[in-house]
Amino acid sequence: MRLSLGNTSIINIFLIPEDEDHNSPFQGYLTSLFSDAFHSTLHKTLSYPMNALEVYMPQDELIRSRNEIASPSNFLINPRSLTQLLPFFKSHPFVVITCLDKELEYIKNLDFKFKYKPLVVGIEEGVDLDIKEFNIFKLDEFIISRLQEAMENNAFPSQVIDVINSRTQREKSLTKIEFPSRNHAVTSPNESVLRSVGYYFEHDEPIKFSKDKGEYINAILESSNNLLSIIKNENSGIKESSKSDLIVYSPSIYTHLYNFKSHFWNQLSRNLNNKKSREFIMGGVFKNPNYSGMNITLDNKDEFEKIMSNKAVQALMGTRQFELAYTTLAMNSLAIANNCPVIRLPNSLNFHSAKLRDLESLSMSSVERSKDKFNRKFKDLTTEMTSEIGNDLLSYISENSNSITLCTDSLVEWVSFDKIPLMFTHEISKVHTTPGNQLLKISTNFSRIHFNKSELLKVTVIRSFNENDPIKYMLEKSLNYYINIDKEINLNIIDVTSKAQLIECLKTVNTPILIFDCHGNHGGAEEHGWLQIGGDKVDTWELPTRGFAPPIIILSACLTSAIGGSHASVASGLLDLGAIAVLGTLLPVDAEKSAVFVGRIMLRLTGYLKALDQIGVDYITWRQFISNFFRMSFCTDILTELKNNYKIINEAQYKEIHINANMHINLGSTDWYEKITNDISKVTNITNEEVLEVISDIGFLETMNYSQIGRPENIIIELGKE
Numbered sequence: 001m002r003l004s005l006g007n008t009s010i011i012n013i014f015l016i017p018e019d020e021d022h023n024s025p026f027q028g029y030l031t032s033l034f035s036d037a038f039h040s041t042l043h044k045t046l047s048y049p050m051n052a053l054e055v056y057m058p059q060d061e062l063i064r065s066r067n068e069i070a071s072p073s074n075f076l077i078n079p080r081s082l083t084q085l086l087p088f089f090k091s092h093p094f095v096v097i098t099c100l101d102k103e104l105e106y107i108k109n110l111d112f113k114f115k116y117k118p119l120v121v122g123i124e125e126g127v128d129l130d131i132k133e134f135n136i137f138k139l140d141e142f143i144i145s146r147l148q149e150a151m152e153n154n155a156f157p158s159q160v161i162d163v164i165n166s167r168t169q170r171e172k173s174l175t176k177i178e179f180p181s182r183n184h185a186v187t188s189p190n191e192s193v194l195r196s197v198g199y200y201f202e203h204d205e206p207i208k209f210s211k212d213k214g215e216y217i218n219a220i221l222e223s224s225n226n227l228l229s230i231i232k233n234e235n236s237g238i239k240e241s242s243k244s245d246l247i248v249y250s251p252s253i254y255t256h257l258y259n260f261k262s263h264f265w266n267q268l269s270r271n272l273n274n275k276k277s278r279e280f281i282m283g284g285v286f287k288n289p290n291y292s293g294m295n296i297t298l299d300n301k302d303e304f305e306k307i308m309s310n311k312a313v314q315a316l317m318g319t320r321q322f323e324l325a326y327t328t329l330a331m332n333s334l335a336i337a338n339n340c341p342v343i344r345l346p347n348s349l350n351f352h353s354a355k356l357r358d359l360e361s362l363s364m365s366s367v368e369r370s371k372d373k374f375n376r377k378f379k380d381l382t383t384e385m386t387s388e389i390g391n392d393l394l395s396y397i398s399e400n401s402n403s404i405t406l407c408t409d410s411l412v413e414w415v416s417f418d419k420i421p422l423m424f425t426h427e428i429s430k431v432h433t434t435p436g437n438q439l440l441k442i443s444t445n446f447s448r449i450h451f452n453k454s455e456l457l458k459v460t461v462i463r464s465f466n467e468n469d470p471i472k473y474m475l476e477k478s479l480n481y482y483i484n485i486d487k488e489i490n491l492n493i494i495d496v497t498s499k500a501q502l503i504e505c506l507k508t509v510n511t512p513i514l515i516f517d518c519h520g521n522h523g524g525a526e527e528h529g530w531l532q533i534g535g536d537k538v539d540t541w542e543l544p545t546r547g548f549a550p551p552i553i554i555l556s557a558c559l560t561s562a563i564g565g566s567h568a569s570v571a572s573g574l575l576d577l578g579a580i581a582v583l584g585t586l587l588p589v590d591a592e593k594s595a596v597f598v599g600r601i602m603l604r605l606t607g608y609l610k611a612l613d614q615i616g617v618d619y620i621t622w623r624q625f626i627s628n629f630f631r632m633s634f635c636t637d638i639l640t641e642l643k644n645n646y647k648i649i650n651e652a653q654y655k656e657i658h659i660n661a662n663m664h665i666n667l668g669s670t671d672w673y674e675k676i677t678n679d680i681s682k683v684t685n686i687t688n689e690e691v692l693e694v695i696s697d698i699g700f701l702e703t704m705n706y707s708q709i710g711r712p713e714n715i716i717i718e719l720g721k722e
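As numbered in full-length UniProt numbering, the sequence shown has no gaps in its residue numbers, which increase by one up to the final residue, 722.
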């Protein structure tokens with residue numbers, strides 16, 4: 001394993017307060033970040049150069065670099081974590097630390113035993129570089145000076161030296177954009193991308209305040225198209241596969257707070273002195289199904305001023321505004337790093353908690369008609385979500401992306417944007433928007449890690465079942481079956497019977513892939529999820545093993561990312577411990593089917609990666625790896641249904657179609673689904689349209705029980721190197 005860090009990469013560290021105990025009530029951000037100074041300074045750091053050689057790039061080359069290779073090396077950390085991180089960069093020429101207030105005092109007292117002293121940046125006296133007045137060229141002089149110093153120390157290979165000696169410093173001039181800035185959070189990320197590569201807006205045209213979501217959707221699509229017209233042209237290069245084509249998000253609040261009849265909201269309403277204040281806060285802010293507009297009738301201007309003078313209204317508005325501002329900042333970070341547009345979806349997608357709990361309850365029922373009822377309610381839910389998103393956004397997302405970073409607590413991946421659910425048509429990295437601290441951390445930290453394919457052939461399983469549990473050895477048998485096909489994976493299974501044993505075990509795991517094999521559950525929308533380890537219910541959020549989690553974790557346990565649970569799922573807790581990608585379960589899973597599912601992933605680590613290597617593929621991301629596996633598993637699901645339940649294909653036809661499907665998917669065919677439905681149509685003598693109707697009628701599929709969260713695109717599997 002190695003960190004993706006070049007010798008001209010710029011290490012961008014933003015120091016946040018140590019306090020982790022005071023979080024905002026609705027989304028869970030550190031309240032110590034809630035100041036204009038912190039927000040505006042962090043926003044500026046997102047536009048720092050990603051690589052020292054950018055100071056020699058004209059604008060068109062900078063855009064091409066951001067599309068093809070450039071990746072930020074950002075770290076949003078507190079002082080305690082900084083002391084653990086800095087030793088890794090002791091000899092690196094380009095370390096920039098941005099800090100304010102107490103954190104600046106901490107840095108000033110730190111003894112940097114570095115070959116190259118880090119640049120301390122901020123807005124107060126005592127910093128090396130003041131960024132109160134900021135543009136993207138602010139660090140250029142430091143970078144030029146440090147490049148020369150590092151060259152004198154023979155720190156660079158000849159290729160870098162040739163670039164430095166053959167280039168002149170870029171002009172410090174911005175390029176005017178003809179279209180306007182809309183001055184709104186829904187377009188801010190798209191506009192931030194343009195500013196980060198040297199454009200400026202000469203005039204503003206604010207979005208008209210409206211309860212109609214169409215005003216906001218039009219502005220979002222217009223700003224996205226404007227951005228694409230600049231960054232996606234014949235000279236802009238090919239999008240690098242670890243980058244996303246689109247960021248799609250919908251900001252939310254904690255799951256349990258969507259119960260607007262709860263004690264929490266009743267208490268809050270009592271602090272709002274009159275009906276209009278309650279209507280303004282609840283209807284306009286928290287229950288608003290669209291974007292920013294609201295429908296509230298006021299008699300006069302004085303009535304509005306009276307509402308806004310209410311101390312409780314001010315406190316609630318101020319808190320939620322900062323939460324939304326940091327959510328937008330997280331989207332800005334993702335947009336700049338991926339050099340791509342951002343699409344915001346309406347708030348109403350988050351209002352389905354009760355329906356999701358109902359689906360979870362039905363999935364556990366043994367009553368004969370429960371499966372049919374589950375499928376009917378699943379279809380009702382996804383149909384409603386499709387309507388809420390609307391045709392304009394559905395079409396835009398479908399037509400302008402193959403890979404998406406999806407930031408939402410809702411199950412947008414279940415929605416069919418183009419014939420079948422998004423989780424099968426697109427490569428997806430999913431990041432939850434609660435808790436906000438985790439969203440901000442994951443969205444701003446971009447460290448990529450590289451593995452050679454042979455490194456992934458060492459896998460650890462942590463297992464915990466009672467000896468008489470009938471499913472105890474089910475996963476082991478499945479893993480052994482699939483591993484023995486190629487006989488290349490080294491599997492280590494460790495049995496634990498208590499939380500204490502689990503903690504000690506996690507500290508010793510040294511494989512990049514860890515599988516949990518146990519029971520899982522959760523305590524509802526207001527409680528954390530847990531793993532059943534012996535007699536202990538283990539909350540992963542409370543494990544004292546931060547930094548010990550392997551980069552890839554697979555959970556062969558029920559309800560580890562439960563649709564009826566809270567933000568504090570087992571899977572999210574493992575991300576908090578340091579994992580980069582966690583494959584969890586949204587619903588209870590059948591132990592035998594889950595064992596086969598995980599076993600097939602292990603088989604792909606050998607045969608599939610070897611096949612890619614043989615046809616000349618240099619590398620693949622973990623996101624690509626799992627996305628293609630999801631597609632193959634989807635094909636297994638629908639073909640099994642067509643054979644066993646609809647009885648329109650036989651075993652021989654099943655095998656033939658499945659072999660062809662696997663080939664189309666593994667070769668990266670963008671029209672793999674059309675080819676599969678055509679194959680089904682040929683052998684069944686029914687029209688392609690009828691095939692699509694049958695598949696749509698099937699509804700929920702086994703593979704849809706699973707969800708991968710985190711940043712799997714940041715795990716790079718190198719195929720041609722040993």
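Don't be surprised by glycine CBs; every beta carbon is placed ideally from N, CA and C.
Do you know offhand how far Val-313's Cα is from Ile-307's? On the sequence shown, position 313 is the one that residue 313 refers to. On the sequence shown, position 307 is the one that residue 307 refers to. Going by C-alpha positions, Val-313 is about 7 angstroms away from Ile-307.
Entirely enclosed alpha helix (DSSP H) segments - the region 440-507, minimum 4 residues: Taking only runs of at least 4 residues, the alpha helix (DSSP H) segments lying wholly in the region 440-507 are 474-486, 499-506.
4 or more residues per run - each alpha helix (DSSP H) lying fully within the region 67-143: DSSP runs (the alpha helix (DSSP H)) wholly in the region 67-143: 79-85, 101-108.
Excluding the 5 residues preceding and the 5 following Ala-661 in the sequence, name in chain order all residues of the same chain whose CB lies nearer than 6 angstroms to its CB. What you label residue 661 is simply residue 661 of the sequence shown in a count that begins at 1. Closer than 6 angstroms at Cβ, skipping near neighbours: Cys-635, Ile-676.
Ignore the nearest five residues each way along the sequence and tell me which others in Ile-13's own chain have a CB closer than 6 angstroms to its CB. For the purposes of this step, residue 13 is taken as the residue at position 13 of the sequence shown. Cβ neighbours of Ile-13 beyond the five flanking positions: Phe-75, Ile-97.
Within the chosen definition, does the region 526-542 reach the region 572-585 through at least 3 CB pairs nearer than 8 angstroms? Using a C-beta cut-off of 8 angstroms, the region 526-542 makes contact with the region 572-585, since at least three inter-stretch Cβ pairs fall below that distance.
In chain order, what residues of the same chain have a beta carbon less than 6 angstroms from the beta carbon of Thr-327, not counting five sequence neighbours either side? Position 327 of the sequence shown, counted from the first residue, corresponds to residue 327. Take Thr-327, set aside five residues on each side of it, and the residues of its chain with a beta-carbon closer than 6 angstroms to its own are Pro-251, in chain order.
Hey, Gly-122 and Lys-108: beta-carbon distance below 8 angstroms or not? Start at 1 with the first residue of the sequence shown, and residue 122 comes out as number 122. Start at 1 with the first residue of the sequence shown, and residue 108 comes out as number 108. Against a cut-off of 8 angstroms, the Cβ pair of Lys-108 and Gly-122 comes out as no contact.
Which residues DSSP lists as bridging Trp-622, in chain order: Translated into positions along the sequence shown, residue 622 becomes position 622. DSSP, once it has assigned bridges, lists no residue as partnering Trp-622.
Would you decide whether Leu-3 is buried or exposed? Buried here means 16 or more other CB atoms lie within 10 Å of its CB. Walking along the sequence shown from the start, residue 3 turns up at place 3. Counting Cβ neighbours within 10 Å, Leu-3 comes out exposed, since fewer than 16 surround it.
Buried/exposed call for Leu-85, threshold 16 Cβ in 10 Å: For the purposes of this step, residue 85 is identified with residue 85 of the sequence shown, where counting begins at 1. When all chains shown are included, Leu-85 counts as exposed.
For the candidate residues Ile-716, Thr-560, Phe-378, whose alpha-carbon lies nearest to that of Gly-584? To locate residue 584, count along the sequence shown from 1; it is residue 584. Answer by Cα proximity: Thr-560.
Contact under 8 angstroms by Cβ, Ile-164 with Val-248: Within the sequence shown, residue 164 is the residue found at index 164, counting from 1. Within the sequence shown, residue 248 is the residue found at index 248, counting from 1. Between Ile-164 and Val-248, the CB-CB gap reaches or exceeds 8 angstroms.
Taking the CB atoms as reference points, tell me whether Gln-624 and Glu-413 lie closer together than 8 angstroms. One-based indexing of the sequence shown puts residue 624 at position 624. One-based indexing of the sequence shown puts residue 413 at position 413. In this structure, Gln-624 lies away from Glu-413, with their beta-carbon atoms at least 8 angstroms apart.
Met-632 to Pro-588, Cα distance in whole Å? As a working note, residue 632 is residue 632 in the sequence shown. As a working note, residue 588 is residue 588 in the sequence shown. A straight-line Cα-Cα distance of about 21 angstroms links Met-632 and Pro-588.
Which of helix, strand or coil does DSSP assign to Ser-9? Start at 1 with the first residue of the sequence shown, and residue 9 comes out as number 9. Correct three-state label for Ser-9: strand.
Is Arg-711 near the ligand SAH, in the sense that its beta carbon is under 7 angstroms from a heavy atom of that ligand? The ligand SAH is absent from the structure shown, which contains no ligand whatsoever.
Pick helix, strand or coil for Gln-159, following the three-state DSSP scheme. Residue numbering aside, residue 159 sits at position 159 when the sequence shown is read from its first letter. Of the three classes helix, strand and coil, the one that applies to Gln-159 here is helix, per DSSP.
List in chain order: all unbroken beta strand (DSSP E) runs of 3+ residues lying wholly within the region 336-415. If one requires a minimum length of 3 residues, the beta strand (DSSP E) runs lying completely within the region 336-415 are 342-344, 403-408, in chain order.
Please state if the CB of Val-509 and the CB of Thr-556 are separated by a distance shorter than 8 angstroms. Translated into the one-based positions of the sequence shown, residue 556 becomes position 556. Translated into the one-based positions of the sequence shown, residue 509 becomes position 509. With the sequence shown as reference, residue 556 is identified as Ser, and Thr is not the correct amino acid for it. No, they are not a contact pair.
In whole angstroms, give me the CA-to-CA distance for Pro-421 and Val-415. Walking along the sequence shown from the start, residue 421 turns up at place 421. Walking along the sequence shown from the start, residue 415 turns up at place 415. Cα-Cα distance, rounded: 5 angstroms.
Which residues DSSP lists as bridging Thr-511, in chain order: Counting from 1 along the sequence shown, the entry for residue 511 is found at position 511. Beta-bridge analysis with DSSP links Thr-511 to no other residue.
When the Cα of Leu-692 is compared with those of Pro-712, Gln-59, Asp-418, which residue comes out closest? For this step, residue 692 is matched to residue 692 along the sequence shown. Looking at the Cα atoms, Asp-418 is the closest of the given residues.
Residues bridged to Asn-23 (per DSSP): Taking the first residue of the sequence shown as position 1, residue 23 is located at position 23. For Asn-23, which the question treats as bridged, DSSP gives the partners Leu-30.
Would DSSP call Arg-2 helix, strand or coil? Here the question's residue 2 lines up with position 2 in the sequence shown. In this structure, Arg-2 counts as strand in the three-state DSSP scheme.
Is the distance from the Cβ of Val-285 to the Cβ of Gln-59 below 8 angstroms? In the sequence shown, residue 285 corresponds to position 285, counting from 1. In the sequence shown, residue 59 corresponds to position 59, counting from 1. Cβ distance not < 8 angstroms, so Val-285 and Gln-59 don't count as in contact.
In terms of alpha-carbon separation, which member of Leu-33, Ser-410, Pro-346 lies closest to Gly-390? Taking the sequence shown and counting its residues from 1, the one referred to as residue 390 is at position 390. With respect to the C-alpha of Gly-390, the residue from Leu-33, Ser-410, Pro-346 having the closest C-alpha is Pro-346.
Cut-off 7 angstroms between Cβ atoms - residues of its own chain near Ile-698, not counting five sequence neighbours on either side: If you number the sequence shown from 1, residue 698 lands on position 698. These residues qualify, in order along the chain: Ile-638, Glu-641.
Identify the continuous alpha helix (DSSP H) that holds Trp-530 and give its terminal residues. Sequence index remark: in the sequence shown, residue 530 carries index 530 (1-based). For Trp-530, there is no enclosing alpha helix (DSSP H); the residue is found in the beta strand (DSSP E) stretching over 529-533.
Note down, in chain order, each residue of its chain lying with its Cβ closer than 7 angstroms to the Cβ of Tyr-258, except the 5 sequence neighbours on either side. Reading the sequence shown from its first residue, position 258 is the one you call residue 258. So the qualifying residues of the chain are Asn-350, Phe-351, Ser-353.
Inter-residue Cα distance where the pair is Thr-684 and Ile-648: Here residue 684 corresponds to residue number 684 of the sequence shown, with the count starting at 1. Here residue 648 corresponds to residue number 648 of the sequence shown, with the count starting at 1. Taking C-alpha positions only, Thr-684 is separated from Ile-648 by approximately 6 angstroms.
Distance, Gly-524 Cα to Glu-149 Cα: For the purposes of this step, residue 149 is taken as residue 149 along the sequence shown, with counting starting at 1. For the purposes of this step, residue 524 is taken as residue 524 along the sequence shown, with counting starting at 1. About 57 angstroms.
Enumerate in chain order the residues of its own chain whose CB-to-CB distance from Pro-17 is below 6 angstroms, with the five nearest sequence positions on each side excluded. Counting from 1 along the sequence shown, the entry for residue 17 is found at position 17. Exclusion of the five residues before and after Pro-17 leaves Ser-32 as the residues of its chain whose Cβ lies within less than 6 angstroms of its Cβ.
Considering only C-alpha positions, which residue in the set Glu-368, Arg-80, Pro-341 is nearest to Pro-189? Within the sequence shown, residue 189 is the residue found at index 189, counting from 1. Taking only the C-alpha atoms, the option nearest Pro-189 is Pro-341.
Beta carbon of residue 784 nearer than 8 angstroms to that of Ile-494: A question about residue 784 goes unanswered here, because the residues of the chain that appear run from 1 up to 722.
Tell me whether the region 429-449 and the region 26-40 touch, counting them as touching only if at least three CB pairs, one residue from each stretch, are closer than 8 angstroms. Yes, since at least three Cβ pairs between the region 429-449 and the region 26-40 fall closer than 8 angstroms, the two stretches touch.
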